[in-house]
Amino acid sequence: MLRNYRVAHWGPFFSSQPKNISENFYREILLLAKKHINSNSVVLDIGCATGRLVFEYEKLGTRATVGIDTSKKFISFCNKMKEKRVKEILYHLDRSSSIFITGDVISEQFANAPFSFISCVNIIDRVENPRALVEKIASLLEKGGVALVVDPYNWDLSPAPKHLHVPNMKVLFDPNIWKMLEETRLPLVMLIDKTKTRTYNCHLVIMQKIS
């Protein structure tokens with residue numbers, strides 16, 4: 051799995067001319083995130099995998115950027131990349147503001163909270179309780195903060211017990227707490243193994259916490 055994510059995340063996906071659907075997927079996420087991140091931003095990426103988005107957010111200029119993932123292998127890889135000076139991470143970038151945590155976001159206590167921007171890419175349909183995850187995101191965001199959430203339209207329902215199934219992502223966001231700023235569809239090709247890929251149509255929403 052680590053190899054597949056390395057291939058997906060460490061291509062030149064922020065190029066002005068993406069070569070494929072996957073590169074365009076991450077490029078669009080970064081372009082949208084850029085609207086809401088500035089030098090005072092404290093950013094969290096949930097399910098950070100190999101850390102590419104964390105480093106890209108840091109390039110935009112943040113006060114602190116945190117990545118969390120349940121996989122020890124992924125976080126070990128992230129910390130190794132943090133120490134390296136590879137071409138995808140700017141040589142002069144001060145990576146001291148990037149922090150990587152192994153853990154479950156729902157139970158984790160974050161010293162950096164509240165956050166001003168949180169991204170959660172292809173994670174909500176993989177957890178046992180999607181509604182609890184969105185509630186946790188709301189609790190971690192400051193008022194006026196922004197969440198960028200992406201998941202396939204054709205959700206994998208297997209991680210969640212039947213009584214916790216939800217019909218779509220939008221029902222998770224209470225209109226008394228959230229205001230939708232943007233919504234779009236993004237195609238993504240995932241590498242399954244050396245010979246197989248799977249194409250998803252993903253639903254992306256940008257939500258602002260209003261209360």
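In this note's numbering, the protein residues as written are 51 to 261. Just so it is clear, CB atoms sit at the ideal spot from N, CA and C, and this is done for glycine as well.
Quick check: what's the CA-CA separation for SER166 versus VAL255?
16 Å
Could you check the C-alpha separation between ARG248 and VAL199 for me, to the nearest Å?
20 Å
Over what stretch of residues does the beta strand (DSSP E) that includes LYS259 continue unbroken?
247–259
Restricting to Cα atoms, I'd like to know which of GLY117, ASN90 and SER91 is closest to ALA99.
GLY117
First through last residue of the beta strand (DSSP E) which encompasses LYS193:
191–202
Assigned secondary structure, ALA188 (DSSP; H/G/I helix, E/B strand, else coil)
helix
Over what stretch of residues does the beta strand (DSSP E) that includes PHE167 continue unbroken?
165–171
ALA161: which of LYS259, LYS109 and THR115 sits nearest, CA to CA?
THR115
I need the straight-line Cα distance from ILE187 to ILE168, nearest angstrom please.
7 Å
Mapping DSSP to helix, strand and coil, what is ILE156?
coil
From which residue to which residue does the beta strand (DSSP E) around ILE96 run?
92–96
Given a cut-off of 9 Å on the beta-carbon distance, is the pair LEU183 and VAL155 in contact?
yes
Taking 9 Å as the CB-CB cut-off, is PRO209 touching chain B?
Structure shown: chain B not included; a single protein chain is present.
Contact check, THR120 vs VAL93, beta carbons under 9 Å
no
Between SER147, ASP201 and PHE124, which has its C-alpha nearest SER89's C-alpha?
SER147
Would you call TYR141 buried or exposed, if buried means 16 or more other Cβ atoms sit within 10 Å of its Cβ?
Because the pLDDT of TYR141 is 45, which lies under 50, any placement of that residue in the model is unreliable, and the number read from its coordinates should be weighed accordingly. Result: exposed.
Report back the beta-carbon spacing between LEU190 and PRO164 to the nearest angstrom; my notes put them in contact at under 8 Å.
6 Å
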